Every structure is written in C-alpha cells, then in structure tokens.
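Numbering (our numbering), first residue to last: 627 to 1133.
First the structure, in the form of structure tokens, and then the observations on it.
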RNA sequence: GGCCCGUUCGUCUAGGGGUUAGGACGCGUCCCUUUCACGGACGAAACACGGGUUCGAUUCCCGUACGGGCUACCA
C-alpha cells in the first residue's frame, strides 16, 4: 500500500433503490476506510440523464443512514475538500472535458462522428462477416467516421459545425494489459478484447469509464472497490490511467464477488421467491408503481443485517459470526474476501436477527414494542411490557412476532387450544382445576415462588396436575414462555379470573 | 458465440501437499424439561471431473464440465 491517505468512495448511480448488493459494496468500502482511519465518500454517478430516477438519491442516503454506514463526505453527508460529489455538477466544472482533451492531445483518444444508425450497420456488417465479437476497435474504426479516418480539415469542419460527436479511447490492437486486484491477484487481458470505449458522450456528459477515473484522481481515492461486473472493463480503465500518465498513482483495485439469489441461478433480482427483501428500506418505484419491501420494514435490525452482509463473501478467519460494527471494522481486510459469488441464505439471515434480538435489553425491546400495542389500542404499563419482552424474546426472531406469540398477555383468551383440551380434559378436570383455582385465590404474595409452591402443594393433595392444561386455561394456547413466569406476570386477579372463565366454558 | 472470473457439506465458509477435511445456518435423533423455550450432546451431509507434477494431492499446473459476469453514446 502506498503512503497515500486511505480514501474510499461508494459511487452508485441514482437509477433506483439501492439493493442489498449495493449495500454490501458500500459496507466493504466503509469497513476498510474505517479500519485504516481513512475517509469514506459518497459520490453520485448521475451521468446518464435518461436513467435518472426521482427519489433514488434520497433513498441511497436514507439507506446508508439506516445501515449505519455513513460517509464522512459526500452527497447528503456534508462537503469536504473535493466537492461537489454529484457528477452532473462536476461536469459543469469542466473536469471531464479536461481529461478527455488531454487524451486527445496525447493521441490516445479520438473524435467519432458515427450516428447510432451507422453503428448498428457496422455491427450487422461484422456479424454477417462472422466476426465473433463485433465491436468498435482498432480494426473496425478504420471503416468508420472518426478523426483517425477523416482528414484534419474535415474533422475541423465537423467540429465547427457542431456535428454531434463522441470521444473514444484509442485502444491498441494487440497489447497485454496486466493489473493487480487485491482480491483476485494478477489479471491479464489482451487489448484485442477491449473495445474503443466512449469516454465523452455526444451530450457532453462523460461515461462511467472517464468520469470515475477523473473523479478518483481528483478526489484522491486510494482504493477503488466495486462489484465483479466491472472486471471486464478494468483493462480499459488501466489504459486510461496509463495514457494520463497516472498508472503509478492509480487507486488499488478490488473487485467484489457478486451476491447470488438463494435458489437457482443468477444474481439477485428485485423481488425474490425466498420472501426476504432485497432492499434495506422500502423502495417505491414510481415508474412501475411497485413497492419493494425493505429489511427495516420487515422487522430486521440494521446491525443484524449488516453483520449478515459482511459475512457474505468475507470472514474474519476464525469461527466468529456475531460481530458488531466495531468488531467488523477491527478485523476487515480485502485479503479475506472470497473470489466466488455467494448465494445469500434467508434462514441464516433470520438467525442473525434472532441473535441480535437476544442481545437487546428488555427495556429496549419494550420501547420498540410499545407502538405495536398502541396501534392496537392496547394500553399497557411499561414495566409490564418490559417483563413481557423478557419472557417472549427467547421464542422470537423478530419484534414483530411478539404480538402473535404473546397476545394473550394483553387480551384474555376466548377460546382454548382444541387439541390440548381434547387430549387432556376429562370429566374429573373441572373439579381438580376448580380446587387449584381456589388455592390460587388464597395466595397472598403472588410471585413465581409462591405460585410454584402452591402448585406443588396442590399436587400432593389432588394428584399430578397438567401444566400444559393450566397454560391453555390461562392463555388459550398450547405454547408460550415459562408457565409460572407467565402466571406471575399476568397477576393473581387476572389469572384467577381467566381460570374461572375457562372453567365456566369447559364441560 | 467470444472474453473475463470462479468451483470445499443443501447454503455461508475454515483449511491447505500427508487432517478422523473444522465451524455456522437448516435438517434429524437424544438429553434437560410435570408446560414452553433456551441450552447441551450426537448424527446425516462436501473437496465438480480427467490428466499431469509429486513418495503423496482436496490443496500446485493443464484441460473438461458447470456456474457467474461482461459483451451500449447504462452504470
């Protein structure tokens, strides 16, 4: 690593909601930057005006905030020395034109005046000639209208008459391009495979290829970390740095493996059969009218989500799995990132949330659960809810399961688990549990100890009692938290009332 | 099709020339439990295939297969 200050950027384009793959890319950038005391920057790559989606930028910012992977510089997070952070704004500064002109001047880029029809024609021609990979390159450009084939006068005239043009990179015909990737090691590609990439579009906007390089240089980015889908164009990027005379100063590269869908093949799609969200927050796509549910809205904790994502393609080298942000930062390195794509596992994702649920304090959970009760017009004491959370959290993966799991803590049962009743309720039961009811009535200090003792004492007199039956009589359902804890929390008055109600209903 | 990247239990992964190939999720059995869980124990489950190199390959090399990515004036 050079002695450059560590500066990484996450540079999404605002073409839609940021999906979990993008979040992971942001996360790995963030973890590395923090690990090395560096900067983490959010840059918005909005050079394609036709694909701009309203609200996407706000979504990206909100998503990063929720995940707790906040840039210390960038759109939505405050300006640093390298503002602005939106490429559309940087274009106005003339940055990209400057770099493109530099490449033209050194003879490594050229003007091309071909219309899209002419380009289509070329492709068809090449296909007809059985060219395996039709592309605008060192061979085909000789038959096209560009500053390499046209005379100087003609070019001058075309430029002066404001004929639309693009600037293309002049890629050599046959040259080996080697570059080092921190994750993958050395990668070698022959330039014959690389086409003459458009650097500056006819609308004056740069393409990604030019823009990200100009910005990475200007913003003094030390490590360029992005998804594996960029690997094929990396050689072109190396060439651009080289022709700019900046190959030695260029950022170190790292291409992350992709996240694959859980079942079958391919990369993640917006909506997945697994039922788990693909987005951190709800994303409403205005053009299609569709809303994609988010992890947040599905009840996931941000730290659990981040932990899961970090372990998808990376590991600390030992058996640790539950790692909070600080620990992830402490241990992160690109050397320990896998090369192969990872299918993400919905079951394990839920398990992560369960682990974090258990780590939460009862008070914290109560705080989060209170609104659920309010939405159901249930008034409950905060201490009662806190105790409820203590009992119920062992049984849940999500806070949003709490109510279904323990509604009877707030509402007296009106029906009783039929299977349990059918199996365990008999002609003697009514008499037996009426006795138990009386003994409960007689308890003066209602707590777990006294309930337990009373229960056992009753058994010596009445014979073996059935705990599950008591559970059903008081809660209506067959399963739940520790029985005596539950009885204790609900209180003597409520419990005795519930038992008599049940006794009255059952024959 | 071409190019690039990849391939350890179903999934996420550790490991790395000689290991009973380790862990986690999920699954199954058992223990604990007068209820419900947690928990614990155990189990089934993997080095894609074929050639090399080597005394010895899951590990290194080459092929093949399979998977993924890219192949736009999109990122």
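C-beta: ideal position from N, C-alpha, C; glycine also.
Note that this is a predicted model, so its numbers are computed, not measured.
Can you say whether residue i is buried or exposed, counting buried as having 16 or more other CB atoms within 10 angstroms of its CB?
i, result
"residue 713", "buried"
"residue 879", "buried"
"residue 938", "buried"
"residue 1018", "buried"
"residue 627", "The predicted model places residue 627 with a pLDDT of 46, which falls under 50 and marks its position as unreliable; any figure quoted below should be read in that light. So residue 627 ends up on the exposed side."
"residue 793", "buried"
"residue 1118", "buried"
"residue 729", "buried"
"residue 764", "buried"
"residue 1112", "buried"
"residue 1114", "buried"
"residue 785", "exposed"
"residue 742", "exposed"
"residue 1093", "exposed"
"residue 716", "buried"
"residue 1130", "exposed"
State the DSSP-derived secondary structure class of residue i, mapped to helix, strand or coil.
i, result
"residue 662", "coil"
"residue 843", "helix"
"residue 1086", "helix"
"residue 582", "Within the shown structure, residues of the chain are numbered from 627 to 1133, placing residue 582 beyond reach of any answer."
"residue 738", "strand"
"residue 627", "Model confidence at residue 627 stands at a pLDDT of 46, short of 50, so the residue's coordinates are unreliable; what they give is reported in the following sentence. Coil, per DSSP."
"residue 907", "coil"
"residue 791", "coil"
"residue 809", "coil"
"residue 833", "coil"
"residue 716", "helix"
"residue 878", "strand"
"residue 1121", "helix"
"residue 816", "strand"
"residue 917", "strand"
"residue 1004", "coil"
"residue 1031", "helix"
"residue 964", "coil"
"residue 802", "strand"
"residue 860", "helix"
"residue 853", "strand"
"residue 946", "coil"
"residue 1096", "helix"
"residue 636", "strand"
"residue 974", "helix"
Just the Cα atoms here: how many angstroms apart are residue i and residue j?
i, j, result
"residue 893", "residue 884", "7 Å"
"residue 1032", "residue 1048", "23 Å"
"residue 1027", "residue 1050", "28 Å"
"residue 947", "residue 931", "12 Å"
"residue 1022", "residue 928", "17 Å"
"residue 738", "residue 826", "10 Å"
"residue 998", "residue 987", "18 Å"
"residue 688", "residue 1036", "35 Å"
"residue 1014", "residue 646", "33 Å"
"residue 992", "residue 985", "13 Å"
"residue 660", "residue 847", "14 Å"
"residue 882", "residue 858", "13 Å"
"residue 886", "residue 759", "27 Å"
"residue 1043", "residue 1127", "15 Å"
"residue 896", "residue 918", "7 Å"
"residue 685", "residue 734", "39 Å"
"residue 691", "residue 945", "29 Å"
"residue 640", "residue 1109", "53 Å"
"residue 653", "residue 824", "30 Å"
"residue 1058", "residue 1065", "11 Å"
"residue 910", "residue 643", "8 Å"
"residue 790", "residue 829", "8 Å"
"residue 1024", "residue 926", "7 Å"
"residue 866", "residue 795", "8 Å"
Should residue i be counted as a contact of the ligand ADP given a C-beta to heavy atom distance under 7 Å?
i, result
"residue 886", "As presented, the structure is devoid of all ligands, the ligand ADP included, so that no description of it is given."
Requested in this report: Report yes or no: do three or more beta-carbon pairs, one from the segment 903-913 and one from the segment 858-878, lie closer than 8 Å?
Outcome: The segment 903-913 vs the segment 858-878: no contact.
What ranges does the beta strand (DSSP E) occupy inside the segment 1040-1073, keeping only unbroken runs of at least 3 residues that lie completely in it? Counting only runs of 3 or more, we get nothing.
At a cut of 8 Å, does the segment 831-838 reach the segment 713-731 through at least three beta carbon pairs?
In short, these stretches touch, since the Cβ pair count reaches three.
Check whether the segment 631-641 touches the segment 659-677, counting contact only when three or more Cβ pairs, one atom from each stretch, lie closer than 8 Å.
Enough Cβ pairs lie closer than 8 Å, so yes.
Review point. What are the uninterrupted segments assigned as alpha helix (DSSP H) that are 4 or more residues long and contained completely in the segment 668-704, given in chain order?
Key: Correct list: 682-693.
- request: Check whether the segment 1004-1014 touches the segment 968-983, taking contact to mean three or more Cβ pairs, one atom from each stretch, closer than 8 Å.
  value: No, because fewer than three Cβ pairs between the segment 1004-1014 and the segment 968-983 fall closer than 8 Å, the two stretches do not touch.
*asked:* Quick test of the definition: if touching needs 3 or more C-beta pairs under 8 Å, does the segment 759-775 touch the segment 802-813?
replied: Below 8 Å, too few C-beta pairs join the segment 759-775 and the segment 802-813 to call them touching: fewer than three.
Contact the segment 738-754 vs the segment 696-708: 3+ CB pairs below 8 Å: The segment 738-754 and the segment 696-708 do not touch, with fewer than 3 CB-CB distances between them shorter than 8 Å.
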